[in-house]
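**Student:** Each residue of the sequence shown is one higher than the last, beginning at 611 in the numbering used here.
Just so it is clear, CB atoms sit at the ideal spot from N, CA and C, and this is done for glycine as well.
I'd like to ask some things about the structure below.
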Amino acid sequence: MEQVSDPLQVARLAASGCFSRALAVAARLGLADLMDGGHVPYRNLAARTGADPDVLLRLLQVLAAGGVVERDGDGAFALAEAFAALRSDHPRSLRNLCILMAETYDDAFGALAHTVRTGESGFERVFGAPLYAYLERVPETGRIFDGAMSELARPVAAALAERHDFSAARTVVDVGGGDGTTLAGILDAHPHLTGVCVDRASVCARAGEALRASAGDGIARRVTFRPADIFEEVPDGGDRYLLKNVLHDWSPEDCVRILTAVGRAMHRTAEAREPGRPEPRLLVLEPLLDQESDGAHVLFQMVMCGKDTGGYGEQELRLLLRRSGLTPVLVERIFGEHRLFECVLDGDRHT
Ligand SMILES: C[S@@+](CC[C@H](N)C(=O)[O-])C[C@H]1O[C@@H](n2cnc3c(N)ncnc32)[C@H](O)[C@@H]1O
Numbered sequence: 611m612e613q614v615s616d617p618l619q620v621a622r623l624a625a626s627g628c629f630s631r632a633l634a635v636a637a638r639l640g641l642a643d644l645m646d647g648g649h650v651p652y653r654n655l656a657a658r659t660g661a662d663p664d665v666l667l668r669l670l671q672v673l674a675a676g677g678v679v680e681r682d683g684d685g686a687f688a689l690a691e692a693f694a695a696l697r698s699d700h701p702r703s704l705r706n707l708c709i710l711m712a713e714t715y716d717d718a719f720g721a722l723a724h725t726v727r728t729g730e731s732g733f734e735r736v737f738g739a740p741l742y743a744y745l746e747r748v749p750e751t752g753r754i755f756d757g758a759m760s761e762l763a764r765p766v767a768a769a770l771a772e773r774h775d776f777s778a779a780r781t782v783v784d785v786g787g788g789d790g791t792t793l794a795g796i797l798d799a800h801p802h803l804t805g806v807c808v809d810r811a812s813v814c815a816r817a818g819e820a821l822r823a824s825a826g827d828g829i830a831r832r833v834t835f836r837p838a839d840i841f842e843e844v845p846d847g848g849d850r851y852l853l854k855n856v857l858h859d860w861s862p863e864d865c866v867r868i869l870t871a872v873g874r875a876m877h878r879t880a881e882a883r884e885p886g887r888p889e890p891r892l893l894v895l896e897p898l899l900d901q902e903s904d905g906a907h908v909l910f911q912m913v914m915c916g917k918d919t920g921g922y923g924e925q926e927l928r929l930l931l932r933r934s935g936l937t938p939v940l941v942e943r944i945f946g947e948h949r950l951f952e953c954v955l956d957g958d959r960h961t
């Protein structure tokens, strides 16, 4: 017998892009902040955001259908508890992440067919440049990206600060460290440490002020921002080098270039050490992907950065480390799917 599809089910899935865009507009308008924990009439929200009240009402209805907001009998809307992270002042805010995913990344998915056909980045097809070159060109999106990475980094940094033994270290160099959020989390828990955050020039230029605002003067003063191209040069002087959520954006060849640059810095640092000081170590922190069960995540990664960046599993990462002259001495789960690979230079005494 011929099977009959439920047209609503098909239509709902086909229209799911509408929900993500609605979420992005809600985040852009700051609706979650304006609702401030209570029900607010939609006309009031429209007046405060400069929106058309009739259209805003429809947007709120779409958000209500998605469970983002709840409506009372008088046409007033409140943020649902499950979406509290849309507030910009929430300690685990995900507002920037929502905007990044539902705008920029969603635009890149406009070229999904191109990625499926060719294996090339849809992002590059749509924006005419690879991800980081584009962020350099469009600072407004760059700021949203930095904010989104910071939102994701906070809980991982707290877990790393708690789980890893930083007692013998003095300086942590975070390679591709974004706006310094990860370092701030580590330094907050370990007052004897100082940090060096290495990233693209535009990220470093805006990060100091953002870090002072988010982490306070005391921590911000212990972090130095060093603009550098991490494919070419990484500063000396770290007891711990950190590469967190960096490698998955790059092909295996590119990963080896980054890891080799870090290895060179570790070598120079080891040679200049006072006798008796422990050798520098590299901490690679990556969410490991399972090629079978993480299909959506793998596809997402391919659309953003190309087929070669479809995520690494433990064996692939071990191979990349080996090709770069690094030996993992410990591999452990740190937070969610994030694994920590604690590495020494090949030939170290592994103490
Ligand atoms: C996915 S983000 C991760 C940021 C941070 N490590 C975290 O986990 O929140 C990758 C970072 O690498 C930086 N990056 C990309 N290419 C770079 C390059 N050639 N030189 C320096 N930093 C770079 C980006 O600017 C971005 O901050």
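1) Please classify Leu655: does DSSP put it in a helix, a strand, or coil?
2) Among Glu691, Val650, Arg631, whose alpha-carbon lies nearest the alpha-carbon of Gly683?
3) Mind checking whether the beta-carbon of Met711 lies closer than 8 Å to any heavy atom of ligand 1?
4) Assign Arg887 to buried or exposed, taking buried as 16 or more other Cβ atoms, counted over all protein chains shown, within 10 Å of its Cβ.
5) Using a threshold of 9 Å, state whether the C-beta atoms of Thr792 and Ala767 are closer than that.
6) Return helix, strand or coil for Arg810, following the three-state DSSP convention.
7) Do the stretch 676-696 and the stretch 625-641 make contact, defined as three or more Cβ pairs closer than 8 Å?
8) Buried or exposed: which applies to Ala906, given that a residue is buried once 16 or more other Cβ atoms fall within 10 Å of its Cβ?
9) Please name the residue or residues paired with His948 in a DSSP beta bridge.
10) Under a three-way DSSP split, which group does Ala779 fall into?
11) What is the DSSP secondary structure of Leu940, reduced to helix, strand or coil?
12) Less than 6 Å between C-beta atoms, sequence neighbours within five positions excluded: which residues of the same chain meet that for Arg959?
13) Decide if Val726 is buried, meaning its Cβ has at least 16 other Cβ atoms within 10 Å, or exposed.
14) Round the Cβ separation of Gly848 and Val939 to the nearest angstrom and send it over; I've been treating them as touching at under 8 Å.
15) In whole angstroms, what is the alpha-carbon distance linking Ser630 and Glu713?
16) Over what stretch of residues does the alpha helix (DSSP H) that includes Phe755 continue unbroken?
17) Would you identify the three-state DSSP class for Arg933, choosing helix, strand or coil?
18) Roughly how many angstroms lie between the CA atoms of Leu704 and Glu884, to the nearest whole one?
19) Is Ala768 near ligand 1, with its Cβ less than 8 Å from a heavy atom?
20) Which of the three DSSP states, helix, strand or coil, is assigned to Leu745?
21) So, at 8 Å on beta carbons, what are the nonlocal neighbours of Phe910 in its own chain, with the 5 sequence-adjacent residues on each side left out?
22) Using only alpha-carbon positions, find the residue among Gly873, Met912, Met914 that is nearest to Gly935.
23) What did DSSP end up calling Ala688 once you bin it into helix, strand or coil?
24) Would you check whether ligand 1 has a heavy atom nearer than 8 Å to the C-beta of Val748?
25) Could you tell me the boundaries of the alpha helix (DSSP H) in which Phe835 lies?
26) Please return the same chain residues whose Cβ sits closer than 6 Å to the Cβ of Thr834, not counting the five positions on each side in sequence.
27) At which residues does the beta strand (DSSP E) containing Val856 begin and terminate?
28) Taking the straight line between their C-alpha atoms, what separation do you get for Arg697 and Arg932?
29) Can you tell me which of the three DSSP states His960 falls into?
30) Where Gln901 and Arg653 are concerned, what is the direct C-alpha to C-alpha distance, given to the nearest angstrom?
**Tutor:** Reading from the atomic positions:
1) helix
2) Val650
3) no
4) exposed
5) yes
6) coil
7) yes
8) exposed
9) Pro897, Phe945
10) coil
11) strand
12) In this predicted model, Arg959 has a pLDDT of only 47, less than 50, meaning its place in the structure is not dependable enough to derive any value.
13) exposed
14) The Cβ separation is near 17 Å, so there is no contact.
15) 8 Å
16) 749-773
17) helix
18) 44 Å
19) no
20) helix
21) Tyr715
22) Gly873
23) strand
24) no
25) That residue, Phe835, is in no alpha helix (DSSP H); its beta strand (DSSP E) goes 833-837.
26) Val806
27) No beta strand (DSSP E) contains Val856, which DSSP labels as neither H nor E.
28) 43 Å
29) With a pLDDT of only 46 at His960, under 50, the local geometry of the prediction cannot be trusted, and the value read off the model is given with reservation. Coil.
30) 48 Å
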